Each structure stands twice: as C-alpha cells, then as structure tokens.
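In order, the protein sequence lines correspond to chains Z and H.
905 is the number of the first residue of the first sequence in the numbering used here; add one for each residue after it.
905 is the number of the first residue of the second sequence in the numbering used here; add one for each residue after it.
There are 2 protein chains.
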Amino acid sequence: MSYRPELSNATRPPTVAVASVNEKGERLETPIAAEHPLTLYLDKRELVTLMTLGQWPEALAIGYLRNQGLVRSLADIRSVQVDWEVDSCAVTTSASVQDLEERLAKRTVTTGCGQGTVFGNLMTEIDAIALASERILTEETYYRLMDNVRRYDTVYKAAGAVHGCALAKDEQILLFVEDVGRHNAVDAIAGRMWLDGIDGADKIFYTTGRLTSEMVIKCAQMGIPFLVSRSGLTQMGYDIARRVGITMVGRATGRHYLLFTGEQRFLRAAQTPVPAA
Amino acid sequence: MSYRPELSNATRPPTVAVASVNEKGERLETPIAAEHPLTLYLDKRELVTLMTLGQWPEALAIGYLRNQGLVRSLADIRSVQVDWEVDSCAVTTSASVQDLEERLAKRTVTTGCGQGTVFGNLMTEIDAIALASERILTEETYYRLMDNVRRYDTVYKAAGAVHGCALAKDEQILLFVEDVGRHNAVDAIAGRMWLDGIDGADKIFYTTGRLTSEMVIKCAQMGIPFLVSRSGLTQMGYDIARRVGITMVGRATGRHYLLFTGEQRFLRAAQTPVPAA
C-alpha cells in the first residue's frame, strides 16, 4: 500500500440551478457550473486562492503544489484538510519545504500571466525533462479513445462553462476531471496521479482546452508523452512542445485531427488504396 | 482633443504558420495564434508578465492597470513604450501612483486565482458600482448585433485558440479585440475605451468566453450595463451579476439565448400569437 496523506473528503456538487428566460419567453431552471474560492495554506502560510468547481479539492491542492514545484513528492505532505465553511484548504508538510521562501519570491515576479500562474523556474526545468521516446500511439487506439471521451458523462454537457481533462492508458480513461479553470483540472489530475501512484510515461493526456505554453509544460512535467486537445494551439505551446519533444495533436473533433509535433510516436493506419471502379 | 499618453505602436501579426499532418496524412501549413510574453513595468517596477497575441499591447497595458485599479485615470499615465526586442512594456506615470505599495501587497495574497489575477479589494469595490438603470436593449437590436458579431472577420476563424471581446453601441461594433487569454482581451478593450474617451454606460459587452466572476466584475467596473456571451456562466459570475444588477445573457448562439439577470433592461419582441389552423 503506497503512502497517502490524511485527507478530508470535501467534494461539492458540480452544478447549481438558477432561473433564466429563453428566447421564447419561457422561464427555465438552468444548471450552471458551481464556482467556489478555495484559499490554499501551506504550513499556515497563505499561498493562493483558486476558483474551483470543488469536486476534487484535495487532489487540486496537491496537484497545484506539485505542478508549481512547491512540493517534490507526496511523502512530503502530511495532511490536506478542506473546510468549505471558511473556503480554505490547509496543507501541512512533514518536513519544512526546502527553499520555499526563494520559490515564492520568484513566483511573485512572474505571476498573473494570462495563462494562470507561471513560475520563473519552469522554463529552465523543462529542458531537464526526457519523455519516453519508445511509446507509440496508433491511430486506431486514438480514435477509440476519442469515442470514449465523447461518450463520457460530463458536467460540460449539463452546464457548460467548464474545461475537462482526461488521463488515459490507450483508449481507457483512467481519470476525468472538470473545473472552471483548465489549470485547475490539470492540477487535480496531477494530484490524483500522485495519490493513486500513477506514472505518466505510458499515458495520454486529453484536454478540451487550448494547447498553451502552460498546458504543454504541465503535461511534460507529469512525464506524459501524448497531449491531445479538441481546441487549437498557441505559438508558445507549439514552441515548447517541439522543445520537449511531446507528441501533440490539436483540433481533435470527430475523425479530424492535426498532428503538430512528435510524429515519431504516432502511427497512422495504413492507407487503404482507393478501389478501382 | 482629449489627452493621450506617449504611445509606441508595436502591434504584431496575430498568426504564424506551422507544419502539421492531418488524418489523411497530408502536410499542411496551419495558422496558429501568436503568443508573446510581455512583461509590464510600472515606473520601473516589474509588475506582471502577460501572455498575449500582441495586437494591442499598449492598450492591453493601460487596460490592465485600469482594471486592476493601479491607475485611476488616463491622465496619470505619461508614456507606454513596448519593446518586443526584450518583450517588455514600460509604463511611466506623471505623478507617482498613490498607495501602490499597499495595492501590490494585497495583490500577492490573492493572486494566481484560476480565473486570472484578482485583487483583494475588487469585491468591496463592486458594491460601489451603480450601472445605468434606464438603458434598454431590445431583442431586435440584440439579434442584429449577434449577426454582426458572427460576420466579423476574426483571428479565431483562421487559427482558433483565442477569445474575442466586442464593445458595441446598439448593433454597431465599436471595438473588437482577440487575445490568447480572455482577460487580456477585456483589458485591451478597457485600455482602448480610455484612449478613445468611450464611456460604458450605453454600451454592450460581448465575449466568446465564459461569464466568470472576473468577467462580470470587469464589465461592471467599466460601467457597462449589458454583458453577452456565447458561452455559459459560473455560479460566482451569476452571483456577482445579480449583486451589481447587470443585464447578463448567456449561451448566445444563433437565435437562442438565455437571459439570466437584469431582465428589466431587456425588451423582448412582442410575441406573435400562433395563427389558428
């Protein structure tokens, strides 16, 4: 049995119903995405306030600390306690986190980036990442995974206004997390990977969100060699994907996709020749 | 002639072309959204790094300072100089900004929110906002505006991966800004409103992005009584919209819409009775 910190289990309902009037003048009870502020305290020090759907608050807190490089392993975390009475999450570590002051100082300089929080040392860290080069994703498996994603029962289908992320092994969806911010959804996946002892090397990461710099960096940090999105990509997302050598697929809708980087890991189905008339 | 600070004019192309392979094995030159880091300096003090498309960097810087409450009027800004050689934007103020230290101290506490940067004093400020109560938007004008939005030539149509915001008077689009983050698009609109002396009280704000707390707060801060989105809304967006009394329409696609708050400003077309058979 692998180590688990003491965790609260403070999940909240993902939607609430509000009144609206549609174009026909009908009054409707409309489900909308829940959104709660969650202020994170690391060893009693206030770090950040995350706006979240609240389905996986403990995993979100752990994944945030992981992806921001503030905690190096799950074993460093003793306890994660969410208390919605005061919208707070208290994380206590077993050993005082090394060089935290220095890391936080760096953070305040580059924070507030349009993509969410980016730490000053992320870009230097990504050059140290080596993604598994021998993994292959076949087009058949890719299409089966996309079918599974499409059929998945989601908050998005009910209420919109959320982004979803999935972690998959071949076509099988292992984790699916939605949140009001796509960064939160990724962070919650990262937290659950630590909690469940899931390694990224043979996994595929799917997101409904755009492939921005931060999305690519986080995926690479989790050691995942495949990144797929329904949406498009930005220039920095592309540049970083090339730099880390990740296999990145964008505009994944129905049978259509665009493979942008890391072609060597993606095995297209053999082209069947057009039969003679 | 109203006051204008000294401005650089450092707009950049919104798309770049990269190579991709589609599901048919065809190699394509694919336009993707440009994305540049832009580090903002206020009187030589480093504030933030914004990831931006770079079409309106000066307006973005001004609108960011405006929406964060760091500068109170355009007259306080002497100069805005963008230099893409070093990805920086230097803003100099005419008078040293009052209580800047205090405002920045508040910022570091609540920063990194899933929705972008939120300052600690925003929520208290919104209760002081009074939106024009006598303005009316008719359903006919609303539909004409939606038609104009749909026909607008956008970076999104070419490259995806951006959010768009429009400022309109009745059905006429006055400003249209796209950026890789929806917060940046709103901020650039706010900057251009200051630069062009545009008041918000008789305007409509349209966004392709979701109606989150921050989107509603910024719209209210700009004094705009109408907020329309193609997307859905979150619980905090809804709560704040009710609190400030803004007229908020979501899920605006084709002929369909949902009116969530501020019904009294939205005048539906008279219902034509169903003719007898």
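Just so it is clear, CB atoms sit at the ideal spot from N, CA and C, and this is done for glycine as well.
It should be emphasised that the depicted structure is a prediction, and the values quoted were computed from it without experimental measurement.
Contact belief for residue i with residue j at Cβ below 8 Å, rounded distance in angstroms
i               : j               : result
Y922 (chain H)  : Y1142 (chain Z) : In the sequence as displayed, the identity of residue 922 (chain H) is Val instead of Tyr. So it is a contact: roughly 6 Å between Cβ atoms.
Q1139 (chain H) : A937 (chain Z)  : 7 Å
D1074 (chain Z) : T1045 (chain Z) : 5 Å
M1119 (chain Z) : V1090 (chain Z) : 7 Å
G1154 (chain Z) : S1133 (chain Z) : 5 Å
E939 (chain Z)  : S1135 (chain H) : Not really, about 14 Å apart at Cβ, beyond 8 Å.
M1126 (chain H) : M1097 (chain H) : 7 Å
H1067 (chain H) : G1101 (chain H) : About 25 Å; that fails the 8 Å criterion.
L954 (chain Z)  : Y968 (chain Z)  : 7 Å
A848 (chain H)  : L1137 (chain Z) : With chain H covering only 905 through 1181, there is no way to say anything about residue 848 (chain H).
Whether residue i touches residue j by CB criterion (8 Å)
i               : j               : result
T919 (chain Z)  : A1063 (chain Z) : yes
A1072 (chain Z) : D1083 (chain Z) : no
N926 (chain H)  : A1094 (chain H) : no
I1030 (chain H) : A1124 (chain H) : yes
L1041 (chain Z) : I1108 (chain Z) : yes
V986 (chain H)  : S912 (chain H)  : yes
R1169 (chain Z) : F1130 (chain Z) : yes
I1033 (chain Z) : V1148 (chain Z) : yes
V984 (chain Z)  : A999 (chain Z)  : no
R908 (chain H)  : L1115 (chain H) : no
I1077 (chain H) : Y1056 (chain H) : yes
I1144 (chain H) : G1166 (chain H) : no
R1086 (chain H) : W988 (chain H)  : no
D1106 (chain Z) : R1039 (chain Z) : yes
Bridge partners - residue i, DSSP secondary structure assignment
i               : result
A921 (chain Z)  : Z:P935
N926 (chain H)  : Z:L1162
L946 (chain Z)  : Z:R949 and Z:V995
G1068 (chain H) : H:E1082
G1136 (chain Z) : According to DSSP, which records beta bridges pairwise, G1136 (chain Z) is partnered with nothing at all.
H940 (chain Z)  : Z:T956
V984 (chain Z)  : Z:L911 and Z:V995
K1073 (chain H) : H:Q1076
V1153 (chain Z) : Z:V1132 and Z:L1163
T1042 (chain H) : H:L1171
I1033 (chain Z) : BP columns for I1033 (chain Z) are empty, so no partner.
L978 (chain Z)  : L978 (chain Z) is not bridged to any residue.
L1115 (chain H) : H:L1137
I1121 (chain H) : Answer is none; I1121 (chain H) lacks a bridge partner.
G1108 (chain Z) : Strictly speaking, residue 1108 (chain Z) in this sequence is Ile, with Gly absent from that position. Paired residues: Z:A1072 and Z:F1130.
**Request:** Name, going along the chain, the residues of the segment 1050-1076 of chain Z whose beta-carbon falls closer than 7 Å to a beta-carbon of chain H.
**Result:** Flagged, chain order: A1063, G1064 and A1065.
**Prompt:** Would the segment 1150-1165 of chain H and the segment 944-961 of chain Z be scored as touching if the rule is three or more Cβ pairs under 8 Å?
**Reply:** The segment 1150-1165 of chain H, when compared against the segment 944-961 of chain Z, does not touch it at the 8 Å Cβ threshold.
**Item:** Proximal residues, the segment 1160-1174 of chain Z versus chain H, C-beta separation under 7 Å
**Value:** Residues of the segment 1160-1174 of chain Z with a C-beta atom less than 7 Å from some C-beta of chain H are H1160, Y1161, L1162, L1163, F1164, E1167 and R1172, listed in chain order.
**Prompt:** Between the segment 927-939 of chain H and chain Z, which residues of the former have CB atoms less than 8 Å from a CB of the latter, in chain order?
**Reply:** With the criterion set as a beta carbon lying under 8 Å from some beta carbon of chain Z, the members of the segment 927-939 of chain H are E927, G929, L932, T934, I936, A937, A938 and E939, in sequence order.
**Prompt:** Name the residues in the segment 953-969 of chain H whose C-beta lies less than 7 Å from a C-beta of chain Z; which are they?
**Reply:** Within the segment 953-969 of chain H, T953, L954, M955 and T956 place their CB atoms closer than 7 Å to a CB of chain Z, listed in sequence order.
**Request:** Check whether the segment 989-996 of chain Z touches the segment 935-950 of chain Z, taking contact to mean three or more Cβ pairs, one atom from each stretch, closer than 8 Å.
**Result:** Per the Cβ contact rule, the segment 989-996 of chain Z is in contact with the segment 935-950 of chain Z (3 or more Cβ pairs under 8 Å).
**Selection of the segment 1128-1159 of chain H by Cβ proximity to chain Z, strictly under 8 Å** = Flagged, chain order: S1135, G1136, L1137, T1138, Q1139, M1140, G1141, Y1142, G1154, R1155 and R1159.
**Message:** Please list, in chain order, the residues of the segment 1111-1129 of chain Z that have any C-beta partner in chain H closer than 9 Å.
**Reply:** Across the segment 1111-1129 of chain Z, CB contacts with chain H closer than 9 Å involve R1114, L1115, T1116, S1117 and E1118, in sequence order along the chain.
**Prompt:** Which residues, taken in chain order from the segment 974-992 of chain Z, show a beta carbon closer than 8 Å to some beta carbon of chain H?
**Reply:** If the cut-off is 8 Å between Cβ atoms, the segment 974-992 of chain Z has nothing near chain H.
**Asked** When you check each C-beta in the segment 1077-1090 of chain Z against every C-beta of chain H, which residues fall closer than 9 Å?
**Response** Per Cβ criterion, the list reads D1083, V1084, G1085, R1086, H1087 and N1088.
**Request:** Compile a chain-ordered list of the residues in the segment 912-928 of chain Z whose CB is closer than 9 Å to at least one CB of chain H.
**Result:** Taking 9 Å as the Cβ-Cβ cut-off, the segment 912-928 of chain Z approaches chain H at T919, V920, V922, A923, S924, V925, N926, E927 and K928, given in chain order.
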